[in-house]
Every structure is written in structure tokens, then in C-alpha cells.
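These notes are about the structure you will find just below.
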Amino acid sequence: MTNLLVELQTEELPPKALRKLSEAFAEGVQKSLDEAHFLEEGSKTTVYGAPRRLAVHITNVRAVSPDETFRQKLVPVKVGIAADGSATPALKKKMAALGIDCPVEKLERVNDGKNEQLVYEGVRPGSELAPALQKALDYAVKHLPIPKVMTYQLADGETTVSFVRPVRYLTALYGADVVPVVLFGLNAGRTTRGHRFHTHEPIEIADADSYEAAMRAAFVEPCYDARRERIETELKARAEALNATPIMPEDLLEEVSALTEWPVIYESQFEKEFLQVPEECLILTMQLNQKYFALRDASGKLMNRFLLVSQLVAKDGGKAISEGNARVVRARLADAKFFYDQDRLTTLESRVDGLRHVVYHNKLGSQYERMLRVRAIAGAIADLIGANRAEAERAATLAKADLRTLMVGEFPELQGIMGEYYAHHDKEADDVALAIREHYQPRYAGDALPSTPVSLAVALADKLETLVGLFGIGQLPTGEKDPFALRRHALGVLRMLIEKELHVSLPEMIDAAWAAEKEVPGVTDNRPALAEFFADRLRVMLRDRGATAQEADAILALNLAKLADIPKRLAAVQAFMALPESEALSAANKRIGNILKKVEGHVEDVIDISNLKEDAEKRLFEELSAIEPEADVLYAEGRFEEMLVLIAKLRAPVDAFFESVMVNAEDPALRANRLALLKRLYLVMNRVAEIARLAK
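Just so we're aligned: the sequence shown equals residues 2 to 697 in our numbering.
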């Protein structure tokens, strides 16, 4: 089998979209050819993506697709066959349209349940690669995830086309042969371009398998992942030579991999005086503005050196590049230092009033009005969780004040972080300053949680105010859209309650938020919908932590107000499910629940021992009475797994009860007593989770 190469050589592609574009292009070509049966078993696809090219290499590609047996339904027999047995005009027209030439007597007759149909079975000859590749390219280009389309004119000066960027060369090689396809007004050939600065003439690709070598000889690493690995390896090596560690966030590595065709690492530096500025400002300035990789020394402190990724092999070893980047970063860091120095001339407290001019939501008022609500909620939550109320209210008052600073105006990513620095400068209490930083946490899945009770109070207040307020004006997330990140806020609240083991009622906290939010004109009480939203998020969280749908439902069915012990409940339920008694007890529990639901009127709480007539009900009462005190102690101590193991001992008496005792006895007193026994059993069994939900 022969291998295939296709490349679109373009102007610079958008770096943040390059990986998806290259993968989608390769997948589109591969998928289309595979569906057309041009790929042999074991065919492999290699994706290429560089700043000025999208390419794909596919092995074991057929020159001609195999013949294909097919069956084609034509028309009903009564429509296609004339009285004399000849083909009717309708049948002839149908066969001509499908390109079928076959005597009528060789057509099959198949009953489809309604009519007897004429069916043709034949062999469709294989097709050539060129038209199939043309179709594949058209499909791949049409289905690219292009972030923003560019319209440009072709070389004829008349035709206008749209694509992510102008395409300059089209290469399509099957082995050493050019496949005659056309795209964007370009006829396929074997010509492409190498590095923009290190090569000046077009280069020729000899065959599909020499593409990588030809590109590397032209100072282009065509493989995205290989480029990224090279960058990461060389950054670490250069940093190690400096006894340092590079700061390499994933998104920055991805971006520089998409910006460089032939990555080369150089070192540069800035004046030590800039290290007086908070390191977050320096790092963000280097990363966002210049795509530099900051360095930490062996003790973890930020250094006044950094690494940069260029795509030029400098004749002077990079001296000019290093000096040029030092000049550029100096100006950027000088701006950051100016912002920092200017911001500290004014206290955070004096900036709070300026929040009146920052719109939070057109229906919910300004950030100042929101601050007042968050402060009230934070105070209430502080009381609930045992945090310092005064510090929580103080932190909530100052939490958004850094939005009015120059530094956060330039770098919104630093909100909260700069607030902490400025709070320390203003001599605010340490817990207040820390809460200003941490009240945004968790920002994303897996992010750290606030570390102190004061931080937790403000973070919970901030998220609950958002949820209650936006639910109150009907801004609920949909299946596709969640512009205010309400799902993330809800999961953040749940994580704080559970992982920080806060034994506080979620409904009580929602009520505290509503008490502040109800004063806003136009906000309605939508707490029931919000409670259901939290339940859905909790269900998702439990599933993510390994719970089955049954296990999650069993826990959520209790409508727990305090969520801190949910992980222990889940572990207990999962351990219970592994017990041999679990299936029978779950089924029995479901049966008991159904019996109690059908009872009209009140079921008594007190069991009359003298009215226990059958041996089976006496035994159940005795064994239930024996384990109940210990079960109460285990539950109170949160030893849920041990409690369910203890309850599993009731399987035999429960089975015996249902085998030999008639619950709905004719004697009203007897029936009431047996229902009371079942009620007591049901309450004991379902304290950790609703066991009936675990029944198959």
C-alpha cells in the first residue's frame, strides 16, 4: 500500500486554535477516506500543525477503492412490471437514473410487509483516489472549527473565498505522485514553503514519506506535539543550567508551540528592583504580554531572569534577541511597578465608594450595592460556621475594592490577589487580607478551597449572593449556556460545605442570602428552584466521585440539610452494597416503604408488645430493639459504615417476618401494631440513606 500526504500552506494561523484546527483537518480527511473504503486495515494517521500549515499523513491508502456489492430497492412489482411481463416506463426511468442495466427477469422480488418490491443486486466498481480525496478535502475544510473566518481574493483577482487564513500552496502526494485535486483556486502540487526567515525559496516534497525530513531541513518542525515537547525539554534544560525551575503553565506552553515553527530557547533578564513588585504581577506581565517563562531559584523565589521562545537561530548566539527582549520587558515591568506604587497611595477602604460606578448587573445594581448584600450574608454565615463576624464583614466590604485599582484594571486576572497585597499595606488583619484573595475560590474544578473560617464565610456569601440573585431574576443556566458560571458557583458552595466539613444547613445559608437579596426591586423568591439546582449539582458531584445513580439517589432522597458527612454516607452505602445481605434488605425496605405509603391516616409510633402474636414479628421486634441503641450511638458518632453493617444483621428476621406475617390483618389493632413495627424498622434502616433506592 502507498501513503498519502496532504498539506495546506497558509498565512499565520490563530495560535489558540491551531491544535484543534490541525486535529480536525486530519480527522476530516481520514474519516472521509475511511468511509469511502480507501484505507487498509492498520492504516495510521499522523497530524501536523504549525503556524503556517495544516497537514496530514495517512499510511496504507488504496489507489482504487474495492468493488462493492450492493442491493437497491427500485419500485413495487405492480408499478414496474407490465401485464405482459415487460418493464414499465416507470421502472425503466428509475433504472436509468441509477445507472442500472439489467433484464427484468433478473430482478429480485422481495416482500417488505406492504408490497412486493423489485430489488437489484449488483457490484459497484471501485473509484479512483483523486475524486475521493477531493471530496475528503471539501468535507474537512467545511467542518473545521474556525474561530473567525477571513475572506480573501484568489490570484485571479475576481474570485472571493472564505477560510481561516489565505492558503498559498496545496500539496497532495500519493507516494511520489501528485494527486490532481483543487482547493481555494490552487491546483495540488509538491511545492510548499519552509521557515519564513531561514528559507527564501519554495521547496519541493519528493514523496509523501519525506515530508517531515524536508520540513525539518527547511527549519520547520511540522508536528505540534514534537514542537511542544522540544520547547518543554529545552526550557527545563536551560533552567537547570541556571539552578532554577521554569514556570510553565499549560496554556502558555500551548500558545508558544502554536507560535513557533522552529523553537529556539534564549535567556534574558530584568533589573532586580522590579522584584519589589508582587511576583504575580511580574509573572502575569511576562506571560500575557510577552509569552516569557519566568524562573524561580532553588529556594522558590522569583528570579530577575527569564526564558523566551524564539524561532530564529541567531548567528550571535542570541545576544541581540536577549537584549531586545530585556528592553521590551523593562518597559512592561516599569508599567507594573508604576501601577503598584500608585495603587498603594490610596487605601482599599477609600476605593469602596467608587464601586457605586461599577455595574454588577442591570437588574441587580452596582458592585457597591452587591457588596452591601454580600457583607450581610457573610456576617450571617460567619455566625453559622463559627467565624469571626467582624472580620468576615470587613473582608466582604473590601473584597471588590481592588476592581478600582490600576493594576487590576490592566490585569483583571489579579483581582483578589492585589486586594490581599493592598490590604496588608493598609494594615488590615491577616485573615481579612487573606479572605480578599480567597473569596473567589474555588475558581474552577480542582481549585484550592478557602483556608480559614473568615475566607469561607466570604466565599460562601459571594457565591450564594450570585446564585440567589440571578435565580431571582430568572437568569437560570440552560443545557447549553451558563454565562454567569452558576454551575461552578454551586459546585464551589458544595465543595466548601463537604470538604471543609462545615456542619451547617445549606437551606439556612440560602435563606440568609435571600434575606439580603429580597430587598432588591424585581427579585423574586426562587429558592425552591435553587434547591433543586443544588441537588442536581450534588448528584453530579457524587457521580464524579464514583457513586452509581442508585447510590446517589439513595443519599439525596433524604434531602439532607447538612452536607458535611455525605462522603462518609457514600462510603457506607458502597460498603453496604458489597454485603451479601444488601439486596434482600434493599428489596424489603422498598416493600416496607410501599406498604407505609398506602396507609390511610397516621401510623402509630408506639409498639404494643402484648399485641405481637406471631413468632416472626416477636423475633423482629426483639432483634430490632437489641441493635437500635447501638445503631443510635454509631449514627451520632458518624460511624455510618458500621451502622449499616449492624443493620445488615436484620436480614433473617425481616425475611422471616414477610414470609409468615400478614401485615394487613383483619384485626385493626393487630394491623396497626404491625405497621408501627415496620415504621420503626424503616426509620432505623434509612437514617444513612434511603436503602430502598438501592433495590434492583
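Virtual Cβ for every residue (Gly too), placed ideally from N, Cα, C. As the structure is a prediction and not an experimental result, all values here were calculated from the model.
Could you check where the beta strand (DSSP E) with residue i kicks off and where it finishes?
{"i": "Ser163", "result": "161 to 164"}
{"i": "Gln10", "result": "3 to 11"}
{"i": "Met287", "result": "Per DSSP, Met287 belongs to no beta strand (DSSP E) and is neither H nor E."}
{"i": "Ile474", "result": "Careful: Ile474 lies outside any beta strand (DSSP E) and carries neither H nor E."}
{"i": "His362", "result": "360 to 362"}
{"i": "Phe198", "result": "No beta strand (DSSP E) holds Phe198; DSSP gives it neither H nor E."}
{"i": "Leu309", "result": "303 to 311"}
{"i": "Ala314", "result": "Before going further, note that residue 314 is Val rather than Ala in the sequence given. Taken as a continuous stretch (DSSP letters only), Val314 belongs to no beta strand (DSSP E), as it is neither H nor E."}
{"i": "Leu171", "result": "168 to 175"}
Give a yes or no on whether the C-beta atoms belonging to residue i and residue j are separated by under 8 Å.
{"i": "Val604", "j": "Lys680", "result": "yes"}
{"i": "Ile204", "j": "Ile248", "result": "no"}
{"i": "Asn527", "j": "Phe577", "result": "no"}
{"i": "Val30", "j": "Leu138", "result": "yes"}
{"i": "Gly319", "j": "Tyr267", "result": "yes"}
{"i": "Ala517", "j": "Ile628", "result": "no"}
{"i": "Glu262", "j": "Gln312", "result": "yes"}
{"i": "Tyr212", "j": "His440", "result": "no"}
{"i": "Leu130", "j": "Val180", "result": "yes"}
{"i": "Thr89", "j": "Ala98", "result": "no"}
{"i": "Leu571", "j": "Ile556", "result": "yes"}
{"i": "Val124", "j": "Leu108", "result": "no"}
{"i": "Ser583", "j": "Leu695", "result": "yes"}
{"i": "Glu333", "j": "Gln288", "result": "With the sequence shown as reference, residue 333 is identified as Arg, and Glu is not the correct amino acid for it. Not in contact: Arg333 and Gln288 (Cβ atoms no closer than 8 Å)."}
Looking at the unbroken alpha helix (DSSP H) that takes in residue i, where does it start and where does it end?
{"i": "Ile692", "result": "No alpha helix (DSSP H) holds Ile692; DSSP gives it neither H nor E."}
{"i": "Arg672", "result": "669 to 686"}
{"i": "His58", "result": "That residue, His58, is in no alpha helix (DSSP H); its beta strand (DSSP E) goes 54 to 62."}
{"i": "Pro250", "result": "No alpha helix (DSSP H) contains Pro250, which DSSP labels as neither H nor E."}
{"i": "Ala379", "result": "368 to 386"}
{"i": "Tyr293", "result": "Premise fails: Tyr293 is in no alpha helix (DSSP H) and is neither H nor E."}
{"i": "Arg546", "result": "Premise fails: Arg546 is in no alpha helix (DSSP H) and is neither H nor E."}
{"i": "Val574", "result": "567 to 578"}
{"i": "Lys74", "result": "It is not in any alpha helix (DSSP H) - Lys74 instead sits in the beta strand (DSSP E) that spans 69 to 77."}
{"i": "Asn326", "result": "320 to 344"}
{"i": "Arg20", "result": "19 to 36"}
{"i": "Ser44", "result": "Neither: Ser44 is in no alpha helix (DSSP H) and is coded neither H nor E."}
{"i": "Arg352", "result": "349 to 352"}
Would you report the Cα separation of residue i and residue j, rounded to the nearest angstrom?
{"i": "Leu19", "j": "Ile206", "result": "23 Å"}
{"i": "Asn112", "j": "Gln118", "result": "6 Å"}
{"i": "Ala588", "j": "Ile692", "result": "9 Å"}
{"i": "Ala295", "j": "Leu308", "result": "7 Å"}
{"i": "Lys316", "j": "Tyr225", "result": "26 Å"}
{"i": "His425", "j": "Val265", "result": "41 Å"}
{"i": "Arg544", "j": "Leu187", "result": "52 Å"}
{"i": "Pro126", "j": "Pro67", "result": "7 Å"}
{"i": "Phe236", "j": "Glu12", "result": "Correcting the residue type first, residue 236 is Leu in the shown sequence and not Phe. Their backbone Cα atoms lie some 27 Å apart in a straight line."}
{"i": "Leu404", "j": "Leu487", "result": "21 Å"}
{"i": "His504", "j": "Gln476", "result": "30 Å"}
{"i": "Thr246", "j": "Val7", "result": "40 Å"}
{"i": "Thr160", "j": "Gln154", "result": "6 Å"}
{"i": "Phe271", "j": "Ala327", "result": "6 Å"}
{"i": "Ser1", "j": "Ala558", "result": "With the chain covering only 2 through 697, there is no way to say anything about residue 1."}
{"i": "Phe26", "j": "Val182", "result": "16 Å"}
{"i": "Ser611", "j": "Asp656", "result": "22 Å"}
{"i": "Ile511", "j": "Ile232", "result": "49 Å"}
{"i": "Gly594", "j": "Arg546", "result": "28 Å"}
{"i": "Asp85", "j": "Ser128", "result": "38 Å"}
{"i": "Ala133", "j": "Asp35", "result": "10 Å"}
{"i": "Ala56", "j": "Leu14", "result": "13 Å"}
Please confirm if residue i has its CB atom under 8 Å from at least one CB of chain D.
{"i": "Glu272", "result": "The structure shown contains no chain D; it holds only a single protein chain."}
Counting only runs of 3+ residues fully inside the stretch 213 to 241, write out the beta strand (DSSP E) ranges in chain order. Counting only unbroken stretches of 3 or more residues, no beta strand (DSSP E) element lies wholly within the stretch 213 to 241.
With contact counted as at least three CB pairs below 8 Å, one residue from each stretch, are the stretch 219 to 227 and the stretch 185 to 196 in contact? Segments in contact, yes.
Looking at C-beta atoms only, is the number of pairs between the stretch 169 to 176 and the stretch 35 to 45 that lie closer than 8 Å three or more? With a cut-off of 8 Å on Cβ pairs, the stretch 169 to 176 is not in contact with the stretch 35 to 45, counting fewer than three such pairs.
Count the CB pairs spanning the stretch 458 to 471 and the stretch 371 to 390 that are closer than 8 Å, and state whether there are at least three. Between the stretch 458 to 471 and the stretch 371 to 390, the count of C-beta pairs closer than 8 Å reaches three or more; the two stretches touch.
Quick test of the definition: if touching needs 3 or more C-beta pairs under 8 Å, does the stretch 533 to 552 touch the stretch 607 to 623? The stretch 533 to 552 makes no contact with the stretch 607 to 623, as fewer than three CB pairs between them are under 8 Å.
With three or more beta-carbon pairs closer than 8 Å as the criterion, would you say the stretch 551 to 566 touches the stretch 663 to 680? Counting C-beta pairs closer than 8 Å gives fewer than three between the stretch 551 to 566 and the stretch 663 to 680, which falls short of the contact rule.
Alpha helix (DSSP H) segments (min. 4 residues) lying fully within the stretch 486 to 528: Correct list: 487 to 500, 507 to 518.
Is the stretch 335 to 343 touching the stretch 389 to 398 in the sense that three or more CB pairs, one from each, lie closer than 8 Å? Counting Cβ pairs under 8 Å, fewer than three are found: no touch.
Ignoring anything shorter than 4 residues or poking outside the stretch 393 to 449, list the alpha helix (DSSP H) runs there in chain order. With a minimum length of 4 residues, the continuous alpha helix (DSSP H) runs that stay inside the stretch 393 to 449 are 407 to 411, 418 to 426, 431 to 439.
Minimum length 3: unbroken beta strand (DSSP E) runs contained in the stretch 84 to 159: Entirely contained in the stretch 84 to 159, the beta strand (DSSP E) runs reaching 3 residues are, in chain order, 109 to 112, 117 to 125, 151 to 154.
Does the structure place the stretch 402 to 416 close enough to the stretch 484 to 498 that three or more beta carbon pairs sit under 8 Å? No, because fewer than three Cβ pairs between the stretch 484 to 498 and the stretch 402 to 416 fall closer than 8 Å, the two stretches do not touch.
Fully enclosed by the stretch 574 to 658, which alpha helix (DSSP H) runs are 4 residues long or longer? Listed in chain order, they are 583 to 598, 616 to 637, 641 to 648.
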